[in-house]
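Taken in sequence, the protein lines are chains D and U. Numbering follows my numbering, with no gaps: position 254 of the first sequence is 381. Numbering follows my numbering, with no gaps: position 21 of the second sequence is 60. Everything on this sheet refers to the single structure shown next.
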Amino acid sequence: MRERIAGGYDDFVIPFMVGMAFIFIYLFIALIRLFTHIPPKDRIKFFKSLVNPKILYKDCRDILLDCLLHVKIFKRNLLLGYMHASIAFGWFMLIVVGHIEMWLYVPQRNGLLYYPVFFRYFVKQEGDLTIKGAFFFFLMDFFLLMVLSGVGLAMYKRFRSTALGMRRTTKPCFADRVALACLWSIFPLRLLAESFTAGIAGGSFLTKPMYWLFNNFLSNDAHILPTWWAYSTALGLFFLALPFSRYMHIPTEAFLILLRNAGLKVTKPRKGFAEAEIYSCSSCGICIDACPMNIQKKNLPFSSVYFIRFLRRHNTRKINQISDKCLMCGKCVALCPVGIESCGIKRAQRATLYNDIKHDYTYLHQAHHTPDSPAHPLPGTQAATGTSAATGTLSASVQADAKLSGRGTASEKVLYFAGCMTHLTPSVIKNLTGIFESSGTEYVFADKDGGVCCGRPLILAGREDAAKEVIARNTELIRNSGCKKVVLSCPICLKVLKEEYNLKGIELVHHTQFINTLLEQGKIKVSPTAGSMVYHNPCELGRGCGIYKEPLNVLQQLGELKKAAKEGKESICCGGSLGSLTLNYEDRGKITQGSLAALTINDPQKIITACPLCLKTFADKADRPVMDIAQIVNENICQK
Amino acid sequence: MGKFGFALSPSSRINLDEVDKVKFAKLVEIEPDVLKCMACGSCTASCTAGKFVKTSMRSAILALQNGKNEDAINFLKGCLLCGKCTMVCPRAINTRHLIISILKVYQ
Chain D
128 MRERIAGGYD DFVIPFMVGM AFIFIYLFIA LIRLFTHIPP KDRIKFFKSL VNPKILYKDC
188 RDILLDCLLH VKIFKRNLLL GYMHASIAFG WFMLIVVGHI EMWLYVPQRN GLLYYPVFFR
248 YFVKQEGDLT IKGAFFFFLM DFFLLMVLSG VGLAMYKRFR STALGMRRTT KPCFADRVAL
308 ACLWSIFPLR LLAESFTAGI AGGSFLTKPM YWLFNNFLSN DAHILPTWWA YSTALGLFFL
368 ALPFSRYMHI PTEAFLILLR NAGLKVTKPR KGFAEAEIYS CSSCGICIDA CPMNIQKKNL
428 PFSSVYFIRF LRRHNTRKIN QISDKCLMCG KCVALCPVGI ESCGIKRAQR ATLYNDIKHD
488 YTYLHQAHHT PDSPAHPLPG TQAATGTSAA TGTLSASVQA DAKLSGRGTA SEKVLYFAGC
548 MTHLTPSVIK NLTGIFESSG TEYVFADKDG GVCCGRPLIL AGREDAAKEV IARNTELIRN
608 SGCKKVVLSC PICLKVLKEE YNLKGIELVH HTQFINTLLE QGKIKVSPTA GSMVYHNPCE
668 LGRGCGIYKE PLNVLQQLGE LKKAAKEGKE SICCGGSLGS LTLNYEDRGK ITQGSLAALT
728 INDPQKIITA CPLCLKTFAD KADRPVMDIA QIVNENICQK
Chain U
40 MGKFGFALSP SSRINLDEVD KVKFAKLVEI EPDVLKCMAC GSCTASCTAG KFVKTSMRSA
100 ILALQNGKNE DAINFLKGCL LCGKCTMVCP RAINTRHLII SILKVYQ
């Protein structure tokens with residue numbers, strides 16, 4: 128292999144170099160802008176992560192598995208995974224092998240950006256083909272074929288997306304179309320260019336036969352320059368369109384992984400970390416099929432992918448419309464191959480709208496308690512003084528119950544925090560307290576006479592300042608109770624207690640986990656007499672808190688557990704989610720029906736859930752009994 | 040009417056001229072559900088914050104219709120947005136959004 132073109136330059140590299148220069152300048156400026164928008168504390172965190180070997184290893188692993196091999200998409204659909212991986216990994220390997228070839232054969236050209244890209248044009252094969260040369264020829268042809276097969280699949284997906292496991296795909300915008308046309312033409316053009324040049328520069332199983340084929344009816348030499356020009360132009364155009372198209376995700380995604388592994392979080396809806404997330408969106412459209420709202424076609428424009436597109440365009444009206452409507456069920460986040468936390472961005476966006484709303488929670492602080500205060504406020508004073516006495520019950524009774532009544536000390540007892548929604552479904556409270564009694568668990572009922580909301584609904588509505596007051600008050604109450612274990616019935620409360628409360632040293636469990644432990648420890652025994660049932664994974668319990676196994680463990684001991692159409696992290700929101708602000712009753716009803724249809728696909732006798740909100744939402748529309756897991760366990764307990 | 044000093048309780052007279060029609064129209068545009076309320080009071084009965092301080096969706100809507108915007112805000116400023124009222128509303132009013140919208144429009 129020897130250099131054929133003296134000087135190692137030809138005019139056709141100009142379009143490529145223009146595109147390259149543009150993209151480098153653009154990315155450099157974007158990077159600096161992004162860093163200025165990141166809070167200084169996070170910036171330090173990021174730089175520290177770059178010298179931490181553990182995080183660095185995770186960075187490399189994530190970049191290889193997610194950006195290049197697209198393992199997450201493979202897990203969903205093999206063909207779709209192959210399509211993404213072949214283009215990304217194949218292209219990456221073409222660049223890598225191209226560079227290796229240059230270093231090996233023409234080391235004097237090291238540092239020329241365009242040289243490895245147009246390597247075949249600049250070199251010529253001399254004498255017999257060495258094994259080393261043949262190996263690289265093979266590799267180059269192999270990876271080119273890999274990319275071409277991916278491009279072929281991508282073209283096929285345009286017409287029949289269902290074959291690749293996608294019912295609906297994203298509608299590309301103008302810049303996307305331009306970049307897409309360039310991307311699709313880059314690799315066929317490269318194949319043509321290398322084929323025409325194969326007589327001079329050599330080739331392997333793909334380019335050589337193409338050369339002989341064309342040789343029959345074309346004068347190959349006359350086509351060499353035009354095809355290299357076309358290839359270079361397609362590349363240049365692609366780079367020019369890149370920042371304005373979805374393909375901006377190629378450079379941004381890797382950077383996002385670095386930021387995420389450094390532990391950065393969304394602070395503002397459009398700046399800093401959020402901006403890295405926004406530009407990492409590849410508009411693959413997996414979130415469109417994932418969104419429970421899209422059971423109605425009219426809701427398609429409210430998918431996360433379009434939310435991010437409007438964020439890129441600074442279209443405030445649309446951004447607000449979508450962020451207010453989102454159910455925050457987290458399914459799009461769970462399925463996103465890039466791992467974009469669109470719900471976090473939506474929450475930040477809501478905060479810009481609603482965080483400054485006036486609130487007055489002084490009533491939370493009116494109650495004060497001392498260890499010497501009576502166990503319960505006197506009923507008479509409660510009625511007479513109204514609000515302050517009522518708040519008195521809230522704190523004093525919890526504390527007094529924990530310390531004075533019963534046999535054990537407070538630290539041995541569990542604190543039961545039912546939450547607002549559970550008070551609307553008394554069956555959950557009744558059955559869970561039944562289980563407490565059957566198992567001999569000593570408990571303190573924190574909000575027996577009504578408590579304070581956990582704060583999660585306020586956070587979901589973007590009113591974080593208001594939520595902080597509620598959280599501070601609840602934290603105080605839970606800490607003062609002296610209990611070391613809190614059992615919650617509502618996954619919404621559980622999530623916020625886990626994430627936003629400072630309850631170090633106190634174990635937080637959902638009642639499904641609690642029941643599961645009781646069964647494992649043999650404190651209660653159940654009979655398998657419940658019949659057939661299906662389990663609905665509540666969004667906040669499954670995707671929110673990562674609790675999938677325990678409820679299934681419990682239910683398997685009760686009867687026949689049937690499969691739903693969508694399970695685990697793909698479970699469909701019940702439609703009652705507190706996340707959505709503007710979704711009306713009719714639209715919610717459609718989601719509920721869709722979710723029920725997916726649950727009852729194998730015709731179970733009962734639907735079991737573990738969230739009072741899901742229970743209430745389903746119960747209105749289901750054609751068969753809907754129960755909480757506590758109820759079905761309590762009904763099938765074997766009396767000792 | 041002049042004050043004669045005989046009243047035991049403050050006047051509950053409603054002056055419909057005080058209704059801010061522009062703001063109410065804006066509210067209806069943001070959340071049309073405000074027109075659906077039939078004042079049954081389920082929301083008030085189930086209210087979490089209502090146990091501690093007078094908080095009432097129903098009273099707030101009535102107050103707005105009667106031109107008592109200040110009262111409406113006072114009925115809602117203790118709201119924790121827990122969503123129980125949405126769950127119990129027989130008219131399926133999107134109460135949480137309505138509360139946020141009222142607070143935002145009339146603030």
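For each residue, glycine too, the CB sits at the ideal point set by N, CA and C. Note that the structure is a prediction, hence the values are computed from the model and not measured.
Cβ separation of residue i and residue j, assumed to be a contact under 8 Å, to the nearest whole Å
i               : j               : result
L685 of chain D : P665 of chain D : Rounded, the Cβ-Cβ distance is 18 Å, inconsistent with contact.
G399 of chain D : H164 of chain D : 4 Å
S431 of chain D : C456 of chain D : In fact, because the Cβ distance is near 11 Å, the residues do not count as touching under 8 Å.
M128 of chain D : Q252 of chain D : 6 Å
N113 of chain U : Y145 of chain U : 11 Å between Cβ atoms; not a contact.
G330 of chain D : F264 of chain D : 6 Å
Y406 of chain D : T379 of chain D : 4 Å
Cβ neighbour criterion (16 or more within 10 Å) applied to residue i
i               : result
K202 of chain D : exposed
I171 of chain D : exposed
I159 of chain D : exposed
C765 of chain D : exposed
F771 of chain D : Nothing can be reported for residue 771 of chain D: it is not among the residues displayed for chain D, which extend from 128 to 767.
S532 of chain D : Note that S532 of chain D has pLDDT 48, beneath the 50 cutoff, so the model's placement of it is unreliable and the number below is only indicative. Classification for S532 of chain D: exposed.
M282 of chain D : exposed
T549 of chain D : buried
T518 of chain D : Model confidence at T518 of chain D stands at a pLDDT of 43, short of 50, so the residue's coordinates are unreliable; what they give is reported in the following sentence. Under this definition T518 of chain D is a buried residue.
Y490 of chain D : buried
T644 of chain D : exposed
Y184 of chain D : exposed
S213 of chain D : buried
S704 of chain D : buried
L205 of chain D : exposed
V579 of chain D : buried
A46 of chain U  : exposed
Residue i - containing beta strand (DSSP E), residue span
i               : result
L688 of chain D : 687-689
L542 of chain D : 541-544
Y570 of chain D : 570-572
M754 of chain D : 753-755
Run of the alpha helix (DSSP H) containing residue i, from where it starts to where it stops
i               : result
M220 of chain D : 205-232
T744 of chain D : 739-748
I728 of chain D : Run containing I728 of chain D: none; DSSP gives neither H nor E here.
D169 of chain D : 167-176
M267 of chain D : 258-286
M144 of chain D : 140-164
V555 of chain D : 553-565
V393 of chain D : Premise fails: V393 of chain D is in no alpha helix (DSSP H) and is neither H nor E.
T768 of chain D : This structure leaves residue 768 of chain D out entirely; chain D is present only between 128 and 767.
Y338 of chain D : 334-342
Y145 of chain U : 134-145
K485 of chain D : No alpha helix (DSSP H) holds K485 of chain D; DSSP gives it neither H nor E.
G254 of chain D : Premise fails: G254 of chain D is in no alpha helix (DSSP H) and is neither H nor E.
I327 of chain D : 301-328
I586 of chain D : 583-587
Residue i vs residue j beta-carbon contact at 7 Å
i               : j               : result
L542 of chain D : A573 of chain D : yes
R606 of chain D : A461 of chain D : no
N105 of chain U : I53 of chain U  : yes
S566 of chain D : I651 of chain D : yes
A381 of chain D : I586 of chain D : no
G589 of chain D : N482 of chain D : yes
L708 of chain D : D451 of chain D : yes
P396 of chain D : I472 of chain D : yes
G117 of chain U : V92 of chain U  : yes
I808 of chain D : L438 of chain D : Since the first residue of chain D shown is 128 and the last is 767, residue 808 of chain D is not available in this structure.
L621 of chain D : C672 of chain D : yes
D755 of chain D : L742 of chain D : yes
S288 of chain D : T296 of chain D : yes
I759 of chain D : I735 of chain D : yes
R130 of chain U : M96 of chain U  : no
Practice task
Let me know the alpha helix (DSSP H) ranges lying completely inside the region 599-683 of chain D, each 4 residues or longer, listed in chain order.
Solution key: If we require 4 residues or more, the alpha helix (DSSP H) runs fully inside the region 599-683 of chain D come out as 618-626, 638-648, 676-683.
Practice task
Enumerate, from N- to C-terminal direction, the unbroken alpha helix (DSSP H) stretches of 4 or more residues contained entirely within the region 49-113 of chain U.
Solution key: Fully enclosed alpha helix (DSSP H) runs of 4 or longer: 60-69, 81-85, 96-104.
Handout entry: Unbroken stretches of the beta strand (DSSP E), 3 residues or longer, contained in the region 364-445 of chain D
Key = Listed in chain order, nothing qualifies, since the region 364-445 of chain D has no complete beta strand (DSSP E) run of 3 or more residues.
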